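To start, the structure under review is shown below, and the notes come after it.
Numbering (our numbering), first residue to last: 7 to 383.
Here's what the structure looks like:
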């Protein structure tokens, strides 16, 4: 044949076959159809597993199918191979072995990056392992309203004597009566005596957070009254004693209370001391000693106690006569944080008289204390 004739002959297609041994069977696999998985370089694989997560338990097979489906959207040059892998995996899931693969979905509203390596162990037209990196998000695709948009007022004015977090919540809805939000829609993210931050729950139809401001004030309805304590001593020692305790409770704890600019307890005191040597002596004895001017009790107002220390003792007054006979009146206050939530104040009044038989004089002492108008300053 001449060269022209030879060129006119049809070219016959030739297909190479390779023999693969599977147990005792010999399988013919076409090299032209063989997909080398290691040669596939997938890019930009991103998935959102929110809907899968809502179905319940983690499903590895469903997740791999989602990876393949999303990979087809950004890897057009490998779409035929990806379709072939997808179809084979649906039928022969046991032919695909997961070497590197997530064991759970990401937490709600988080994103992770994961390296995937799936090895083919079947006898079909695949060889090697498919490796790629995937960005896995778990975010609701439902458009939610902002929690902050549900409230008209964020400045809530005065909050009196809060005893629980619910007091803050009640104040929010007092100033925002039209809000359709319920307590099932949010959780308390941060709380103090001047601000509270609410954050929308994942299960709610809202998103984000909202802050509210207020000014906390405390009114303390405490009063203390010793009544009249009097002792009369002759050739003896006589004592009478009175004490009264008050406890201030900070349900948010010591440190959050001390964050307030006003963190002292103050109170007013009235009363007197008397003994049969020095006669009457009213507290805050700075006035004239003329009797007609000291008939009224002198009042000490806004006597302060700092709550910024763990404990302390203040002597409010001390009156003492010492000679052969002895007379004494003493008022003090002890205070301390007895735990992280309670600040205790305890008043102590002591009257004492001693007289010896050497002389014929009695020793007499008397005192009366009234404590009132407790405030936080």
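We put the beta carbon where it would ideally sit given N, CA and C, even for glycine.
As the structure is a computational prediction, the values presented were derived from the model and not from experiment.
Skipping 5 residues on each side, what residues in its chain have a beta carbon closer than 8 Å to that of residue i?
| i | result |
| --- | --- |
| residue 179 | 185 |
| residue 327 | 281, 283, 284, 333, 334 |
| residue 310 | 270, 271, 272, 383 |
| residue 193 | 204, 205, 207 |
Using DSSP bridges, identify the partner residues of residue i.
| i | result |
| --- | --- |
| residue 158 | The partner list for residue 158 (beta bridge, DSSP) is empty, contrary to what the question assumes. |
| residue 244 | 359 |
| residue 53 | 142 |
| residue 102 | 126 |
| residue 343 | 349 |
| residue 118 | 142 |
| residue 230 | 377 |
| residue 253 | 350 |
| residue 270 | 312 |
| residue 338 | 321, 354 |
| residue 280 | 286, 372 |
| residue 151 | 212 |
| residue 166 | 223 |
Measure the Cβ-Cβ separation of residue i and residue j and say whether it is below 7 Å.
| i | j | result |
| --- | --- | --- |
| residue 165 | residue 222 | yes |
| residue 240 | residue 361 | yes |
| residue 205 | residue 195 | yes |
| residue 82 | residue 128 | no |
| residue 379 | residue 274 | yes |
| residue 381 | residue 270 | no |
| residue 356 | residue 247 | yes |
| residue 201 | residue 219 | yes |
| residue 149 | residue 73 | no |
| residue 353 | residue 313 | no |
| residue 55 | residue 76 | no |
| residue 214 | residue 153 | yes |
| residue 70 | residue 110 | no |
| residue 217 | residue 181 | no |
| residue 308 | residue 363 | no |
| residue 79 | residue 85 | no |
| residue 51 | residue 138 | yes |
| residue 315 | residue 337 | no |
Closest Cβ-Cβ distance between residue i and chain D: below 7 Å?
| i | result |
| --- | --- |
| residue 209 | As a matter of chain content, chain D is missing from the structure shown, which is built from one protein chain. |
Apart from the five residues just before and just after residue i, which ones in its own chain have a Cβ nearer than 7 Å to its Cβ?
| i | result |
| --- | --- |
| residue 43 | 126, 132, 133, 134, 135, 136 |
| residue 102 | 95, 124, 126 |
| residue 104 | 66, 124 |
| residue 167 | 224, 225 |
| residue 298 | Unreliable placement is indicated for residue 298, whose pLDDT of 34 sits below 50; the coordinate value is still reported in the next sentence. Same-chain partners within the cutoff: there are none. |
| residue 87 | 41, 46 |
| residue 68 | 58 |
For residue i, count the other beta carbons within 10 Å of its own beta carbon; 16 or more makes it buried, fewer makes it exposed. Which is it?
| i | result |
| --- | --- |
| residue 368 | exposed |
| residue 119 | exposed |
| residue 335 | buried |
| residue 267 | exposed |
| residue 281 | buried |
| residue 317 | exposed |
| residue 331 | buried |
| residue 183 | exposed |
| residue 47 | exposed |
| residue 229 | exposed |
| residue 89 | exposed |
| residue 122 | buried |
| residue 163 | exposed |
| residue 302 | Because the pLDDT of residue 302 is 45, which lies under 50, any placement of that residue in the model is unreliable, and the number read from its coordinates should be weighed accordingly. It is exposed - the Cβ of residue 302 has fewer than 16 other Cβ atoms within 10 Å. |
In its own chain, which residues sit with a C-beta less than 6 Å from the C-beta of residue i, not counting the 5 before and 5 after it?
| i | result |
| --- | --- |
| residue 231 | 376 |
| residue 279 | 287, 325, 335, 373 |
| residue 151 | 212 |
| residue 237 | 244, 246, 357, 359, 371 |
| residue 256 | 263, 347 |
| residue 161 | 219 |
| residue 92 | 74 |
| residue 210 | 191 |
| residue 253 | 348, 350 |
| residue 320 | 339 |
| residue 187 | 156 |
| residue 234 | 374 |
_Taking 8 Å as the cut-off, does the stretch 253-264 touch the stretch 339-356 (at least 3 CB pairs, one atom from each stretch)?_
yes
*Does the stretch 106-119 come within contact of the stretch 141-151, defined as at least 3 CB pairs closer than 8 Å?*
yes
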